[in-house]
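Enquirer:
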Amino acid sequence: MNVKKAIIPIAGLGTRFLPLSKAMPKELLPLVDRPAIQYVIEEILAAKMNEIIFVNRPKSKEVLEYFKKSPKLEKILQQRNKNNLLEEVKELTRISEKIIFSSVIQKEPLGDGHAILQTKKLLGNEATAVLFPDDIIDSDVPCVEQLCEIFKTCQKPVVALMKVPREQVTRYGVVAVEKIANRVYKIKKIIEKPSLEEAPSDLVIIGRYIHTPEVFDYLKKAKPSEKGEIILAEVMNRMLEDGKTIYGYEFKGERLDCGDKIGWLKSSIHFALKHPEFGQELKQSLKDEKL
Ligand code: UTP
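The working numbering numbers the first residue of the sequence shown as 781 and each following residue consecutively.
Given below as structure tokens:
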């Protein structure tokens, strides 16, 4: 069983970006010259997958619009000899043409697990990748491809793990693990935002997963949390309690947290400094600011 489809949940409220997220999905916020969601789409394509399922909010068409072809715009740019811009728009069209997009609606933001459950009707008996677009991964080999490689041999769910400094574990889902090979772990338990004393390791879960169809059995029967949400981490814990195997892979690469304003700013600077056209000039201008 190989992984061909990728789910991207984008139906959350994005409260950490308010008031901006009242009118614009946070996934369209630009990191330099591309919206955050495009980095995730390019990761999926680079991993040789091309079927993408968005879990979207009701009436929210902006992300799908962004990836739609724009022949009228291309014609205007051509008539006005705006060749560089035309090339950029065409490049986006070329990316979109490689992908089969579908979308499902999550009527209310009832949690990341509930979002994934909405995709069940579009899936057969197959494993799928899940990518949360708050996390952008800068890596040589796409993070989701690294997980697929592990999945190929184990045929069990795989989650991306990252080591963080001990004092930061309280912000993440932290895993208790048994190491079984270089960078590969069997997950024993997930503890959401533990205290420093409770944290079983310095390995935390990042928003990249490979799930097998079994997860839907657990999502369907999951009880909502106190806030009325179905939380993926809790559902995975139920699976672990039932003796199911879930692997963790400490991926190679850098994770950029784009889920809040400061993370987005830092990620923008990260990609801007590496940008072939803007990097040098930005470096100089930061020096001129005498930081
Ligand atoms: P987050 O909890 O980080 O995002 O969910 P959020 O809820 O949109 O943002 P805040 O916390 O209010 O600022 C991670 C991902 O899961 C999606 C979000 O869109 C985001 O991409 N999500 C979350 C859903 O699709 N549905 C949900 O009910 C919750």
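All residues carry an ideal CB built from backbone N, CA and C; glycine is no exception.
As the structure is a computational prediction, the values presented were derived from the model and not from experiment.
Within 10 Å of its beta-carbon, does E807 have 16 or more other beta-carbons around it, so buried, or fewer, so exposed?
Expert: Buried.
Enquirer: Taking 7 Å as the cut-off, is the CB of P913 close to at least one heavy atom of the ligand UTP?
Expert: Because some heavy atom of the ligand UTP lies under 7 Å away, the Cβ of P913 counts as near it: yes.
Enquirer: For a test of the three-state rule: what should DSSP assign to D918, helix, strand or coil?
Expert: Three-state result, D918: strand.
Enquirer: Since K785 and I833 should fall inside the 8 Å C-beta cutoff, what is the C-beta to C-beta distance between them, to a whole number of angstroms?
Expert: With a Cβ gap of about 6 Å, K785 and I833 count as contacting.
Enquirer: List, from N- to C-terminal side, the alpha helix (DSSP H) runs of 4 residues or more that fit wholly inside the stretch 994-1043.
Expert: Runs of the alpha helix (DSSP H) inside the stretch 994-1043: 994-1001, 1012-1021.
Enquirer: Given a cut-off of 8 Å on the beta-carbon distance, is the pair E906 and M829 in contact?
Expert: Against a cut-off of 8 Å, the Cβ pair of M829 and E906 comes out as no contact.
Enquirer: Which whole runs of the beta strand (DSSP E) in the stretch 868-943 are 3 residues long or more, in chain order?
Expert: If we require 3 residues or more, the beta strand (DSSP E) runs fully inside the stretch 868-943 come out as 880-885, 908-911, 915-918, 938-943.
Enquirer: I believe L911 touches R988 by the beta-carbon criterion, under 8 Å. Please report the beta-carbon distance rounded to the nearest angstrom.
Expert: Contact flag correct, Cβ pair sits at about 6 Å.
Enquirer: Can you give the Cα-Cα distance for I970 and V949, rounded to whole angstroms?
Expert: Cα to Cα, I970 sits roughly 12 Å from V949.
Enquirer: In chain order, which continuous runs of the alpha helix (DSSP H) of length 4 or greater are located wholly inside the stretch 805-829?
Expert: Complete alpha helix (DSSP H) runs here, min 4: 816-826.
Enquirer: Closer than 7 Å: is that where the CB of A895 sits relative to any heavy atom of the ligand UTP?
Expert: At least one heavy atom of the ligand UTP is nearer than 7 Å to the Cβ of A895, so yes.
Enquirer: Give me the Cα-Cα distance between P815 and I960, rounded to the nearest whole angstrom.
Expert: Taking the straight line joining both Cα atoms gives about 37 Å.
Enquirer: Quick one: what's got a C-beta closer than 8 Å to Q858's C-beta in the same chain, skipping five residues either side?
Expert: Correct list, in chain order: L866.
Enquirer: At a cut-off of 7 Å, would you count R796 as near the ligand UTP, judging by its Cβ distance to the nearest heavy atom?
Expert: Yes, Cβ of R796 sits closer than 7 Å to a heavy atom of the ligand UTP.
Enquirer: May I ask which residues mark the beginning and end of the alpha helix (DSSP H) holding G792?
Expert: It is not in any alpha helix (DSSP H) - G792 carries neither H nor E in the DSSP assignment.
Enquirer: Among the candidates I896, I1011, A791, E822, whose CA atom is the shortest distance from the CA of E877?
Expert: Among I896, I1011, A791, E822, the Cα nearest to that of E877 is on E822.
Enquirer: Which word fits G1039, buried or exposed, when buried means at least 16 other C-beta atoms lie within 10 angstroms of its C-beta?
Expert: By the 10 Å Cβ count, G1039 comes out buried.
Enquirer: Could you tell me the alpha carbon to alpha carbon distance between M942 and D918, rounded to whole angstroms?
Expert: Whole-angstrom Cα-Cα distance: 13 Å.
Enquirer: Tell me whether D892, by its Cβ, gets closer than 7 Å to a heavy atom of the ligand UTP.
Expert: For the ligand UTP, at least one heavy atom lies less than 7 Å from the Cβ of D892.
Enquirer: Only counting the same chain, and skipping five residues up and downstream in sequence, which positions put a Cβ closer than 8 Å to that of E854?
Expert: L866, V869, K870, T873, listed in sequence order.
Enquirer: Please name the residue in E978, G1059, Q926, L1012 whose C-alpha comes closest to that of E1076.
Expert: An answer regarding residue 1076 cannot be provided, because it is not within the stretch 781 to 1071 covered by the chain.
Enquirer: With a threshold of 8 Å, are at least 3 pairs of Cβ atoms found where one atom belongs to the stretch 926-939 and the other to the stretch 1014-1027?
Expert: Yes, since at least three Cβ pairs between the stretch 926-939 and the stretch 1014-1027 fall closer than 8 Å, the two stretches touch.
Enquirer: Hey, I790 and V843 are a contact pair by Cβ (cut 8 Å); roughly how many whole angstroms apart?
Expert: Going by Cβ atoms, the distance from I790 to V843 rounds to 6 Å, so yes, they are a contact pair.
Enquirer: Please confirm if P937 has its CB atom under 8 Å from at least one CB of chain B.
Expert: The chain inventory of the structure shown lacks chain B, comprising one protein chain alone.
Enquirer: Would you check whether the ligand UTP has a heavy atom nearer than 7 Å to the C-beta of G1072?
Expert: The requested residue 1072 is not part of the displayed model; the chain covers only 781 to 1071.
Enquirer: Comparing C-alpha positions only, which one of R796, I1042, K1000, K1032 sits nearest to G893?
Expert: The option with the nearest alpha carbon to G893 is K1000.
Enquirer: Label G891 either buried or exposed according to how many other C-beta atoms from any shown protein chain fall within 10 Å of its C-beta, with 16 as the threshold for buried.
Expert: Answer is buried; the Cβ neighbour count reaches 16.
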